[in-house]
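Taking the numbering used here, I'd label the letters of the sequence shown as residues 297 to 466. These notes are about the structure you will find just below.
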Amino acid sequence: MSLLDPRFWAGVILALALAFGLGYGAGDLHRLQVERSRALQAKVAAAQTESRQASASAKVADEAAQAQTRIQTVFRDRILYRDREVPHEIVVHDDAACRIPGRFVGMWNSANRAELPTAAGLLDEAASGVVLSDVETQHEREAEAFHSNARQLKDLQDWVTQQQEAAKPQ
Numbered sequence: 297m298s299l300l301d302p303r304f305w306a307g308v309i310l311a312l313a314l315a316f317g318l319g320y321g322a323g324d325l326h327r328l329q330v331e332r333s334r335a336l337q338a339k340v341a342a343a344q345t346e347s348r349q350a351s352a353s354a355k356v357a358d359e360a361a362q363a364q365t366r367i368q369t370v371f372r373d374r375i376l377y378r379d380r381e382v383p384h385e386i387v388v389h390d391d392a393a394c395r396i397p398g399r400f401v402g403m404w405n406s407a408n409r410a411e412l413p414t415a416a417g418l419l420d421e422a423a424s425g426v427v428l429s430d431v432e433t434q435h436e437r438e439a440e441a442f443h444s445n446a447r448q449l450k451d452l453q454d455w456v457t458q459q460q461e462a463a464k465p466q
């Protein structure tokens with residue numbers, strides 16, 4: 297067999313083509329396995345992140361519910377303490393003795409609506425129909441609403457921070 301024999305060169309070319317094809321096929325299979333492995337790792341990481349975020353959400357929701365209960369209890373206890381410690385006669389006497397001017401009521405209502413009060417209204421300091429105990433009761437309601445809203449905002453900030461921490465890759 298000579299080097300000039302075309303059958304020899306055809307066999308060599310066929311062997312090289314076969315080796316190249318087998319190598320290419322093996323490389324392609326390896327690439328597919330690596331891609332599948334990475335996709336599986338990404339799915340596992342996403343599931344872990346979702347799990348961490350769900351547990352953070354549950355934790356914040358539980359803390360928020362407990363905080364709302366504490367706020368409601370504090371304000372309920374204030375009212376119960378006042379009703380128990382302050383005799384009814386004093387409340388009635390103070391309500392009758394204290395005149396709440398109409399201007400105060402107008403400013404209070406404007407402040408609650410986040411508006412500027414009218415300058416010309418009720419300048420004569422005429423008494424309004426509002427009594428002192430009504431002002432106290434309204435103040436208690438608004439203070440409770442304020443503390444409730446403030447706690448919700450803090451809980452929201454905590455939730456956002458915990459979600460960001462949970463979303464970071466481990």
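For every residue, glycine included, the Cβ atom is placed at its ideal position computed from N, Cα and C. Here the structure is a predicted model, which means the values were calculated and not measured.
With C-beta atoms as the reference, is residue i less than 8 Å away from residue j?
i	j	result
GLY398	ALA422	yes
LEU428	ASP379	no
ALA360	GLN434	no
SER356	ILE396	It should be pointed out that residue 356 corresponds to Val in this sequence rather than to Ser. Contact: no.
GLN466	GLN344	yes
ALA462	ALA338	no
GLU436	ARG374	yes
GLN364	SER444	yes
Any idea if residue i is buried or exposed, counting beta-carbon neighbours within 10 angstroms, 16 or more meaning buried?
i	result
ALA306	exposed
Can you list, in chain order, the residues of its chain whose CB lies under 6 Å from that of residue i, leaving out five sequence neighbours each side?
i	result
GLU440	PHE371
SER424	ILE396, GLY398 and VAL401
Apart from the five residues on each side of it in sequence, which residues of its chain come closer than 8 Å, Cβ to Cβ, to residue i?
i	result
ALA341	PRO465 and GLN466
CYS394	VAL427 and LEU428
ASP454	VAL356 and GLU359
ALA521	No answer is possible for residue 521: it lies beyond the span of the chain, which begins at 297 and ends at 466.
What did DSSP end up calling residue i once you bin it into helix, strand or coil?
i	result
PRO383	coil
ALA410	coil
ALA423	strand
PRO397	strand
SER444	helix
ASP454	helix
GLN467	This structure leaves residue 467 out entirely; the chain is present only between 297 and 466.
SER353	helix
ASP373	helix
ASP391	helix
ALA333	In the sequence as presented, Ala is not what sits at residue 333; that position holds Ser. If DSSP states are grouped into helix, strand and coil, SER333 belongs with the helices.
ASP301	coil
Going along the chain, which residues of its own chain have a beta-carbon closer than 7 Å to the beta-carbon of residue i, five neighbours each way excluded?
i	result
PRO413	GLY402, MET403 and SER406
GLN459	GLN349 and ALA352
GLU411	none
TRP392	Note that residue 392 corresponds to Ala in the displayed sequence, not to Trp. Excluding sequence neighbours, ALA392 sits near nothing in its chain.
#### Entry: the segment 340-353 contacting the segment 405-416, beta-carbon criterion three pairs below 8 Å
no
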